[in-house]
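Working notes for the structure below.
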Amino acid sequence: IFNCGSSSTKLNLCIAPGHLYFYEGSSCTQDVVGVLGSPGKNRVMSLDATKSSALQNDEARSPKLVGPLFKGLTLVVGDWPNGDREKDDSTSIELNRDMTYGEEICSSPFERTVPGRVYTQTFARHDGLDGK
2 IFNCGSSSTK
12 LNLCIAPGHL
22 YFYEGSSCTQ
32 DVVGVLGSPG
42 KNRVMSLDAT
52 KSSALQNDEA
62 RSPKLVGPLF
72 KGLTLVVGDW
82 PNGDREKDDS
92 TSIELNRDMT
102 YGEEICSSPF
112 ERTVPGRVYT
122 QTFARHDGLD
132 GK
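Residues in the sequence shown are numbered consecutively from 2, following our numbering.
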């Protein structure tokens, strides 16, 4: 089942299960500027926002997760232009429980640390990540 409602996106996409969508605005607003498919169970996905073809550079501010996605999935987003992950910004989002088919969760903007029941988000600041 795809949610092809009235939401407008630059990428002209329907929301499909088992994907992660990156939005230009905070709280999953404005245009979709990138999409990743689920890697399956208990996987870590790292995304260098300055080099990835999955995102329009300097655009993404918040991701929406659409189930089914599985507990333990960790998404790490950063801007590592020199490849040094310890000296630049990153946000880690880890699922604390399985997400059911079609369930949608909009995570907080990248530059926030959020403990939660569904996911835990941890931000490591250097010079800013929102819009990456």
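Every residue gets a Cβ at the ideal spot worked out from N, C-alpha and C, and that includes glycine.
Unbroken beta strand (DSSP E) run spanning residue i, endpoints
i    : result
I94  : S91 to L96
S63  : S63 to V67
T101 : That residue, T101, is in no beta strand (DSSP E); it is neither H nor E in DSSP.
N38  : Reading off the sequence shown, one finds Gly at residue 38, where the question assumed Asn. Taken as a continuous stretch (DSSP letters only), the beta strand (DSSP E) holding G38 covers T30 to G38.
V78  : T75 to G79
Through-space distance from residue j to residue i, alpha-carbon basis
i    : j    : result
Y22  : A125 : 21 Å
Q31  : C107 : 13 Å
S134 : H20  : Residue numbering for the chain in the displayed model covers 2 to 133; residue 134 lies beyond these limits and cannot be assessed.
Assigned exposure category for residue i - 16 Cβ within 10 Å defines buried
i    : result
V33  : buried
G35  : buried
T114 : exposed
7 Å Cβ cutoff met for residue i and residue j
i    : j    : result
G68  : Y102 : yes
P116 : S27  : no
C29  : S63  : yes
K72  : D90  : no
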